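Q: Could you have a look at this structure, given as structure tokens, before my questions?
There are 2 protein chains.
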Amino acid sequence: MSKNQLIDYVQNFVSLEDDEAEQFVSAFEEVKVKKRQFIVQPNFTNRHRSFVVKGAFRSYAIANDGQEHTLQFAIENWWISDFNSYIYQHPATLFIVALEDSTILQIEYNTEQELKKANHKFETFFRIMAEKGLAFEHRRILFNLTHSAEARYESFLSNFPNFVQRVPQYALASYLGMTTEYLSRIRNNRTDKS
Amino acid sequence: MSKNQLIDYVQNFVSLEDDEAEQFVSAFEEVKVKKRQFIVQPNFTNRHRSFVVKGAFRSYAIANDGQEHTLQFAIENWWISDFNSYIYQHPATLFIVALEDSTILQIEYNTEQELKKANHKFETFFRIMAEKGLAFEHRRILFNLTHSAEARYESFLSNFPNFVQRVPQYALASYLGMTTEYLSRIRNNRTDKS
DNA sequence: TTTATTTCTTGAACTACTTCATATTTATTG
DNA sequence: CAATAAATATGAAGTAGTTCAAGAAATAAA
Chain D
1 MSKNQLIDYV QNFVSLEDDE AEQFVSAFEE VKVKKRQFIV QPNFTNRHRS FVVKGAFRSY
61 AIANDGQEHT LQFAIENWWI SDFNSYIYQH PATLFIVALE DSTILQIEYN TEQELKKANH
121 KFETFFRIMA EKGLAFEHRR ILFNLTHSAE ARYESFLSNF PNFVQRVPQY ALASYLGMTT
181 EYLSRIRNNR TDKS
Chain C
1 MSKNQLIDYV QNFVSLEDDE AEQFVSAFEE VKVKKRQFIV QPNFTNRHRS FVVKGAFRSY
61 AIANDGQEHT LQFAIENWWI SDFNSYIYQH PATLFIVALE DSTILQIEYN TEQELKKANH
121 KFETFFRIMA EKGLAFEHRR ILFNLTHSAE ARYESFLSNF PNFVQRVPQY ALASYLGMTT
181 EYLSRIRNNR TDKS
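Residue numbers (the UniProt record's numbering), protein chains in the order written: chain D, 1 to 194; chain C, 1 to 194.
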């Protein structure tokens, strides 16, 4: 059952008794999402935080010039939301779309608040999630500031080899801050060299 | 007394009884730091999280080509650390330096862990800090992906007018992902227009 | 209050990356 | 398994931002 997957995940960060684990996962609802289906759209408040059981997602914004810019990817055992929309419960600016047929576990904003209030361990869990997320984004910002387009791609390749096959090139390019044409050139030069 | 400033800050996010507030701030130590003094350096583990009572700081990395890249600024009522070093307690990659003579309140890593264990409210406080930090960095990444150098500078100006006067141009340029020469040109073209 | 050091400015040449246009390959659908 | 759409590739021209060098201005030190 998919909820065991979430329990296993949570147990990596806080150790829960059986009844606590049960209480935690029963706050989530399983949802199936088809490829190309949106779970978040601009102007609608993002009311849920989603844990990916199976499948892949991408969050992105559309800039004034019409170009898409990817903020996050998520595959199995990652979380996805428009985090600004979710935590402040104000309208989203991002799209979140399924890249594959997927299964997610969703928790609603108010339910999450109650969980955190009910049990110190749950509060700790969400604190650790946020801290790890923040540390990750610090590394990302710094890497983006300090490295060329090619180095950013190489780094993504070695850090997230399992994402690369499942993510369209144009989406990866926009995550890494370059055009899909330029990433195409990097990839082809690269394979030529080896 | 400077610890009241921290209490006021914390009360914005969680409401503490007098004895709780006292317990919280007594975990911190006041430290004076002179301009150009470092509080964090690469290879040494960042053992403290620092709350700026008065003054200004900058965290930055030095890339392979020798160039400095700024990750964060902090003035009064902001926090600063090499967050990756602090939460994982492994060696820092960043420098953190005082831009002015400053006063900070520092909490040691283990003391923070005990605080969070001791009181659910303290755990909530650090959870909220991390969530707000993460939401902030998401906005930053997206803005960097979607806007030109000039637009990034204009946005910083309007979002953080009080930082601009206190931060050297080369540091701001490296925060915004451009050279100091280019920022100089943006600034001068700008004043010409108006 | 001169001297040294750090920061900012400006010009000119350069380059990493983009844009646009079109062809090719790969995936999706009836 | 055609037919259509979506994603990737490639050339050629363009540009946003960099680099280097040298001078001017501001800040700190003596």
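A virtual CB, placed ideally from N, CA and C, is assigned to each residue, including glycine.
Keep in mind that this is a model prediction, so the values were computed, not measured.
Would a C-beta distance cut-off of 8 Å place Ser81(C) and Asn46(C) closer than the cut-off?
A: Closer than 8 Å, so yes.
Q: Whose C-beta lies closer than 7 Å to the C-beta of Tyr170(D) among residues of the same chain, with five residues either side of it excluded?
A: Thr180
Q: Whether or not the segment 44-59 of chain C and the segment 124-136 of chain D are in contact is what I'm after, with contact meaning three or more pairs of Cβ atoms, one per stretch, closer than 8 Å; do they touch?
A: no
Q: Show which residues of chain C have a CB atom less than 7 Å away from the CB atom of Phe24(D).
A: Chain C residues near Phe24(D): none, gap ~16 Å exceeds 7 Å.
Q: Taking Thr70(C) as the reference, give the member of Asn12(D), Asn43(D) and Leu145(D) with the closest Cα.
A: Leu145(D)
Q: Given Val14(C), which residues of its chain have a CB within under 6 Å of its CB, disregarding the five upstream and five downstream residues?
A: Lys121, Thr124 and Phe125
Q: At a Cβ cut of 8 Å, what residues of the segment 116-133 of chain C count as close to chain D, listed as they run along the chain?
A: Lys116, His120, Glu123, Thr124, Phe126, Arg127, Ala130, Glu131, Lys132 and Gly133
Q: Pop quiz: Thr93(C) and Pro42(C) are said to be a contact at Cβ under 8 Å. What is the actual Cβ separation, rounded to whole angstroms?
A: 5 Å
Q: Can the beta-carbon of Asn84(C) be found less than 8 Å from the beta-carbon of Ala135(D)?
A: yes
Q: Taking 8 Å as the CB-CB cut-off, is His138(C) touching chain D?
A: yes
Q: Pull out every residue of the segment 141-152 of chain C whose Cβ sits closer than 9 Å to any Cβ of chain D, in chain order.
A: Ile141, Leu142, Asn144, Leu145, Thr146 and His147
Q: Taking buried to mean at least 16 other C-beta atoms within 10 Å of its own C-beta, is Ser158(D) buried or exposed?
A: exposed
Q: Count the other CB atoms, across all protein chains shown, that sit within 10 Å of the CB of Lys32(D); report buried if there are 16 or more and exposed otherwise.
A: With a 10 Å radius around the Cβ and a threshold of 16 neighbouring Cβ atoms, Lys32(D) comes out exposed.
Q: Measure the alpha-carbon distance for Phe163(D) versus Tyr9(D) and round it to whole angstroms.
A: 19 Å
Q: Which residues does DSSP list as the beta-bridge partners of Trp79(C)?
A: For Trp79(C), which the question treats as bridged, DSSP gives the partners Phe51(C).
Q: Looking at the secondary structure, which residues open and close the alpha helix (DSSP H) in which Thr124(D) lies?
A: His120 to Thr146
Q: With distance defined between alpha-carbon atoms, name the residue in Ala27(D), Tyr88(D), Ser155(D) and Tyr175(D) nearest to Glu68(D).
A: Checking every option, the nearest Cα to that of Glu68(D) belongs to Tyr175(D).
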